[in-house]
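Chains as they are written, first to last, in my numbering: chain A, 98 to 304; chain B, 114 to 816.
Right, one structure below, let's go through it.
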């Protein structure tokens, strides 16, 4: 196998898609830089959360509010969706049929929606148990961090729906390929952030 | 449903009291009359300015031209110019506010003429505007124009994103201008510390204006930082290694990286304050586990790097100015690069020095105090490098050089007072006094502002094709320097005498003479700004005798001087090859400048895009709706913004091609101009004979 030139970290489309591969050098690098900025954003919100954990001010805390079973199910859904997106990227790189690519993407969307549904259910349960954000500094920090991730996933899902529309309209042109590559990075990034949330917020909170 | 609630649904919390002159009419006490007249006059100026601009454009039938040539343009050069225009307009407002504040303090012994609330709004808008809507747009504008030319690129990496950034910044600026007319601005200072800025203490629209103006501008700056950094890493001309880049480009890279890292803390701080104010969260409140120290930390994790985001591009401009007007390569290039990188990294390690007195204890303060003093070392390296650059050069005292030399002297003074303040035990004595005000103006005005104005002089001929009037330029530079010294040196003394900053009135007669002197200085700065305006008008009227079509009026050293003035839309007909530092100086020395390329090719450029202005307008609508609680507007504009982005995703035909023949014709025509031009020596560079072609025979230019 001949040497493949990698332009940036992660999945490179390579020689089978020469034009996209060349443009991706700038576009995907730019997206990595954006993710770096987004990571700082999450890092700061995490630090807000960690320093507010004990500021419960008499309102319910993690042990009263979190339901680990449901959160674990959410985690599995999101991890599975990252896997299916990975399969979508591979099927794009190795030029499998468009139907297979779209199939993986739709599956990703369904898993993402499942995650969001369960998370919304959790949030509603929390509010019912007296865990609304206005009750304490801890709850404020929680409601900034976890829904911020949820909003990112929502944004990613909307992007994915638009992308499916673009694939339907234009097929797999350079623009859609670049978008799939960027959304893939975004989706995996959110997965990593979720692992941090699962560990720092839920596991540490219930420990 | 009552009428009141229907009205609320439509116009939110807007009432007649939101108009600046209403209280004056309702309750005409002396205080209300004075403050109402000033605020009403300011509102009239804002509205009048808008009406004049709109009427003028309509009368001249220029709307279509404005839309297609400017607002939707994705050309980095036009975007850069628009940024600088925003900066100058906002600078005008903020300097008038400064003069008003100095007048209030000059007569502040018997209470002065402004109400404390009005004074509070003045210092809050002055600071917010000067940082976010003067210095930031100015430096982003200059980088936008110059950096792609210096690296031999056709445009930035993401031209449409560039336009979006510009329009978000513009939306923030318009929001701040709207606060002159509708409602009142925050009285919480440019950093808006809670809990004072929480809904409990300031329930009005003021802090909301501040939050959303900063959010818009902060988002724009984050995107700009990403765009510039990617451009510098990915779009450099072939052969331009990182260590061949001009120092201004290095400065742009440093600033961009800092923007990427330092803007998110601001976004988090303002977003969390907004959650507190709108949804009753408890991040920074006094009760239920809120902690305002979170805000203070977040704000200064942004705020300290921010001042270096401002100064580093100015350092880059000074580097270009010193080496060009000394006719020498920059002294200590590598040390300069290392120094700005050190400053950039250190700037993230010192934020606690903004609140030494807020209870971290001596050990933490000591660490941050020492880190703050360390910044003096790389800065000192740069000062020496600039002086060595002038040493044994043929220094020409032009307007940019007056700013640059003034900068060296005054910035060292300001830096020294910073080292003094970096010592926590001294800081405890003078914190929150005018000493601090004197210090940061002493670094920001001679540092940032002088640099930006020097850059404006330096690159103006490149941008518009004619030189600025030199006499008015020198007069303005002298007014700036003297005015600055008169306005801010007395503040050091006042601070040591114990005058707290942001004081509306005082009871100590000994302050009066110094306050009067500072007021005189503020007036002189006003004269300086006016001279810049006159200079612009005079230069425009005499533009035909000062044209420099060849494009190299100062015997420049980097690639931006290699193309015509003003440059064509595509910058370079053929992307240049770079094999040295000071690429254009080398080309002139080896006789490879002004040669036709072997072959012309078609050039692909991005088409105009309505995306930028549409997102900007919707961003403004969302922010304005949020400020006034006009929820239908917020919902509609948010939906509109989503729709715009989705529609844009489906756009495919986004580039245009300029045929090789057209490029060739334009370039040949310019080469004719070059051949017809007479080379001038440096002695004649400020005379009309200067057509922008530098004489290379007089001295070894490649020194």
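Even glycine gets a Cβ: it sits at the ideal position worked out from N, Cα and C.
Beta-carbon neighbours of residue 131 of chain A, restricted to chain B and to distances below 9 angstroms
335, 336, 339 and 373
* Consider the Cβ of residue 141 of chain A: report whether some Cβ of chain B lies at a distance smaller than 7 angstroms. => yes
- Return helix, strand or coil for residue 166 of chain A, following the three-state DSSP convention. helix
DSSP three-state call for residue 770 of chain B: helix, strand or coil? strand
### Query
At least one CB of chain B closer than 7 angstroms to the CB of residue 268 of chain A: is that the case?
no
- State yes or no: is the beta carbon of residue 220 of chain A nearer than 7 angstroms to at least one beta carbon in chain B? no
_is_contact[residue 126 of chain A, chain B] using C-beta, thresh 7 angstroms_ = yes
Neighbourhood of residue 440 of chain B by C-beta distance below 6 angstroms, restricted to the same chain and skipping five residues each side:
506 and 507
Excluding the 5 residues preceding and the 5 following residue 743 of chain B in the sequence, name in chain order all residues of the same chain whose CB lies nearer than 6 angstroms to its CB. 125
Out of curiosity, what's the CA-to-CA distance linking residue 238 of chain A and residue 233 of chain B?
-> 31 angstroms
Counting contacts by CB-CB distance shorter than 7 angstroms, is residue 110 of chain A in contact with chain B?
no
* Count the other C-beta atoms from every protein chain shown that fall within 10 angstroms of the C-beta of residue 120 of chain B, then say buried if there are 16 or more, exposed otherwise. => exposed
CA-CA distance, residue 302 of chain A and residue 212 of chain A? 20 angstroms
Please classify residue 522 of chain B: is it buried, with 16 or more other beta-carbons within 10 angstroms of its beta-carbon, or exposed? exposed
Inset, instruction - Report yes if the C-beta distance between residue 246 of chain A and residue 207 of chain A is below 7 angstroms; otherwise report no. - result: no
Output the residue ranges of the alpha helix (DSSP H) runs that lie fully inside the segment 253-339 of chain B and measure 4 residues or longer, sorted by chain position.
272-294
Does residue 309 of chain B come within less than 7 angstroms of chain A when only Cβ atoms are used?
-> no
**Prompt:** Just reading off the beta strand (DSSP E) that residue 613 of chain B is part of, what are its end residues?
**Reply:** Per DSSP, residue 613 of chain B belongs to no beta strand (DSSP E) and is neither H nor E.
Cβ shell of residue 620 of chain B (< 8 angstroms), same chain only, five flanking positions each side left out: 222
Taking residue 294 of chain B and residue 207 of chain B to be in contact with their CB atoms under 8 angstroms, please state how far apart those CB atoms are, rounded to whole angstroms. At roughly 17 angstroms, the Cβ-Cβ gap does not stay under 8 angstroms, so residue 294 of chain B and residue 207 of chain B are not in contact.
So, at 6 angstroms on beta carbons, what are the nonlocal neighbours of residue 193 of chain B in its own chain, with the 5 sequence-adjacent residues on each side left out? 254, 257 and 258
| query | Along the chain, where does the alpha helix (DSSP H) that runs through residue 378 of chain B open and close? | reply | 360-392
Rounded separation between residue 396 of chain B and residue 201 of chain B - CA only:
37 angstroms
Could you check what DSSP says for residue 152 of chain A in three-state terms: helix, strand or coil? coil
In this structure, what does DSSP give as the bridge partners for residue 579 of chain B?
-> B:660
To the nearest angstrom, how far is the alpha carbon of residue 815 of chain B from that of residue 455 of chain B?
For residue 815 of chain B, the predicted structure reports a pLDDT of 42, less than 50, and the residue's modelled location is therefore unreliable. A value from the coordinates is still provided. Rounded to whole angstroms, residue 815 of chain B to residue 455 of chain B spans 29 angstroms at the Cα level.
- prompt: Quick one: complete alpha helix (DSSP H) runs, 4+ long, within the segment 562-649 of chain B?
  reply: 563-577 and 583-609
List the DSSP bridge partners of residue 717 of chain B. B:770
(Q) Quick check on residue 807 of chain B: does DSSP put it in helix, strand or coil? (A) strand
If you draw a straight line from the alpha carbon of residue 623 of chain B to that of residue 140 of chain A, how long is it in whole angstroms? 50 angstroms
- Query: chain A partners of residue 343 of chain B, CB-CB under 8 angstroms?
  - Reply: 123, 126, 127 and 130
Item to check | the segment 456-470 of chain B in contact with the segment 485-500 of chain B per 3-pair CB rule at 8 angstroms | outcome: yes
Look up residue 102 of chain A in the DSSP assignment and say whether it is helix, strand or coil.
coil
- Query: Looking at the unbroken alpha helix (DSSP H) that takes in residue 169 of chain B, where does it start and where does it end?
  - Reply: 143-172
| query | If the cut is a Cβ gap below 7 angstroms, which residues of chain A does residue 759 of chain B touch? | reply | 259
Under a CB-based cut-off of 7 angstroms, is residue 418 of chain B close to chain A?
no
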